[in-house]
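Going by our numbering, the sequence shown wraps up at 914, each residue one higher than the last.
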Amino acid sequence: MAIADVVAAFLMPDLVFVPTELRTLRFRGDLIAQTGTVSVIGLILLLTIKSDLPRKKFFFWAVTFGGVLVFSLARTSYLILLAFLILAVLKRPPIPVLRKVATLALLTVPFAADSLITALNAQRKVEDILTISGRLELWTHLIETTLAKGPWFGLGYAAASRIYGPEINPELGTAHSAFVEIYAGGGLVSLVAFLLIWAVLGWAILKLYLSRPGKTGFAIVGLFCASLFLNAVGGELQAEPTGVCFWCVVAAVVYLPFENLSPIAATLRSPLLTTAAQRPQES
């Protein structure tokens, strides 16, 4: 999808470029795939599961995903990558490429931060950071409307994107937060169920992270962080990269045995597999 965005940038720029708040063009990829989302997910997978690729292939994908991420001007994706690298430095997973890249990147950030922030501010409004690009006003409106009209069971599927969201800003389209979208659509009942899923996932991911996971395990940790950030401030749980990322993390936590994810957790298994192993064999 990242390559499709790059190709479209040259052949069909209207599909991937949108005007920014400062009337410059931003490489966002709305009509193909969100550039910030696919690039940061790609980098996480490249630095973990695919870190043993041949040098030329690794360099090609690193330049591709890195270039798409830089030109996406997606501040949320920048934060996701930074958080992922910090987690790698703190836990030092048994992935040599990731350890080297994370250490080098974090050592470079203090020296390059000023130039990077200046370049970003030249393309996007600094004031929008405080309002999360207008999302705070949208979220406030949707929450207040839901509280007034249907606090327990919500206002119906797509209520945020099709009915009440456009009242504030027709260009925003969705609630720009899976949490707000679910609350507006399904009320407190649905939101509590959604939060419980996140709580269970978070606990499983924390245990996995503390066990110093291997390639697959640390990839799941990184994808969980990406999914959490993206769903909080812009993603959806439908057929888009953010939603696919979330449900892949759910499936991995449920079905993969921990012994495949962490060298240290060799005796731990997922609850599903443990239950299956304990069932008596039929005669």
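Here a beta-carbon is modelled for each residue, glycine too, at the ideal position from N, C-alpha and C.
Predicted model, so just to flag it, every value in this text is computed and none were measured.
Residue i: first and last residue of the uninterrupted beta strand (DSSP E) it sits in
i	result
residue 650	648-650
Range of the contiguous alpha helix (DSSP H) that encloses residue i
i	result
residue 654	Segment: none, residue 654 is in no alpha helix (DSSP H) and carries neither H nor E.
residue 830	809-841
residue 748	727-752
residue 641	633-642
residue 805	That residue, residue 805, is in no alpha helix (DSSP H); it is neither H nor E in DSSP.
residue 877	872-886
residue 853	846-864
residue 928	Any question about residue 928 goes unanswered here, given that the chain covers just 632 to 914.
Outcome for residue i when other beta-carbon atoms lying within 10 angstroms are tallied against a minimum of 16
i	result
residue 666	buried
residue 740	exposed
residue 788	exposed
residue 749	exposed
residue 916	The chain is shown only over 632 to 914; residue 916 falls outside these bounds and no answer can be derived.
residue 694	exposed
residue 864	buried
residue 711	buried
residue 719	buried
residue 862	buried
residue 851	buried
residue 832	buried
residue 743	exposed
Whole-angstrom distance between residue j and residue i, CA atom to CA atom
i	j	result
residue 809	residue 717	25 angstroms
residue 592	residue 727	In the structure as shown, the chain begins at 632 and stops at 914. Residue 592 is therefore absent and cannot be evaluated.
residue 689	residue 729	12 angstroms
residue 686	residue 822	45 angstroms
residue 764	residue 811	16 angstroms
residue 745	residue 736	15 angstroms
residue 835	residue 655	43 angstroms
residue 903	residue 883	Residue placement at residue 903 is flagged as unreliable, the pLDDT there being 40, under the threshold of 50; a coordinate-derived value is accordingly withheld.
residue 867	residue 677	23 angstroms
residue 657	residue 857	21 angstroms
residue 813	residue 696	31 angstroms
residue 793	residue 664	21 angstroms
residue 643	residue 634	13 angstroms
residue 708	residue 786	30 angstroms
residue 796	residue 873	20 angstroms
residue 733	residue 715	9 angstroms
residue 844	residue 659	33 angstroms
residue 637	residue 699	8 angstroms
residue 641	residue 801	28 angstroms
residue 825	residue 877	12 angstroms
residue 769	residue 806	7 angstroms
residue 713	residue 705	13 angstroms
residue 887	residue 848	10 angstroms
residue 919	residue 646	No answer is possible for residue 919: the residues shown for the chain start at 632 and end at 914.
residue 648	residue 859	26 angstroms
residue 766	residue 815	14 angstroms
residue 838	residue 798	43 angstroms
residue 661	residue 771	25 angstroms
residue 747	residue 674	19 angstroms
residue 651	residue 842	43 angstroms
residue 773	residue 791	7 angstroms
residue 869	residue 691	30 angstroms
residue 885	residue 871	21 angstroms
residue 881	residue 724	22 angstroms
Residues of its chain near residue i, where Cβ-Cβ distance is below 7 angstroms and the 5 sequence neighbours each way are ignored
i	result
residue 783	818, 819 and 820
residue 846	679, 680, 682 and 726
residue 671	700, 708, 711, 712 and 857
residue 639	646, 647 and 663
residue 780	786
Close-in-space but distant-in-sequence residues of the same chain around residue i (CB under 8 angstroms, 5 per side omitted)
i	result
residue 879	854
Contact set for residue i: own chain, Cβ-Cβ below 6 angstroms, skip 5 residues either direction
i	result
residue 702	658
is_contact[residue i, chain B] using C-beta, thresh 8 angstroms
i	result
residue 688	The chain inventory of the structure shown lacks chain B, comprising one protein chain alone.
Inside the region 648-723 only - beta strand (DSSP E) runs reaching at least 3 residues: Qualifying beta strand (DSSP E) stretches, in chain order: 648-650 and 656-658.
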